[in-house]
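**Q** For the sequence shown, the working numbering assigns the number 190 to the initial residue and increments by one for each residue that follows. Pasting in a structure now, in structure tokens, and then I'll have a few things to ask.
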Amino acid sequence: MKLVNEKGKLFGLINLVDLLVLLFILLVAGGIVWKIFGN
Numbered sequence: 190m191k192l193v194n195e196k197g198k199l200f201g202l203i204n205l206v207d208l209l210v211l212l213f214i215l216l217v218a219g220g221i222v223w224k225i226f227g228n
């Protein structure tokens with residue numbers, strides 16, 4: 190089983206680029222929350 194199919198989808202479900210963008214947004218949001226509420 191290939192991780193990425195011909196259309197560039199990871200496991201045939203999610204687009205790899207979309208996944209990277211989502212991870213980036215989560216990291217940025219997490220960093221902001223950490224800055225505000227962290228010590």
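Think of the CB as a built atom: it goes at the ideal place given N, C-alpha and C, for glycine as much as any other residue.
Pull up the distance between the alpha-carbon of Leu215 and that of Asp207, whole angstroms please.
**A** Their Cα atoms are separated by approximately 12 Å.
**Q** Tell me Ile214's beta-bridge partners as DSSP assigns them.
**A** In the DSSP output, where bridge partners are listed per residue, Ile214 has none listed.
**Q** CA-CA distance, Trp223 and Phe213?
**A** When rounded, the distance between both Cα atoms is 15 Å.
**Q** Leaving out five residues on either side along the sequence, give the residues of the same chain with a beta carbon under 6 Å from the beta carbon of Asn225.
**A** For the record, residue 225 in the displayed sequence is Ile; it is not Asn. Cβ neighbours of Ile225 beyond the five flanking positions: none.
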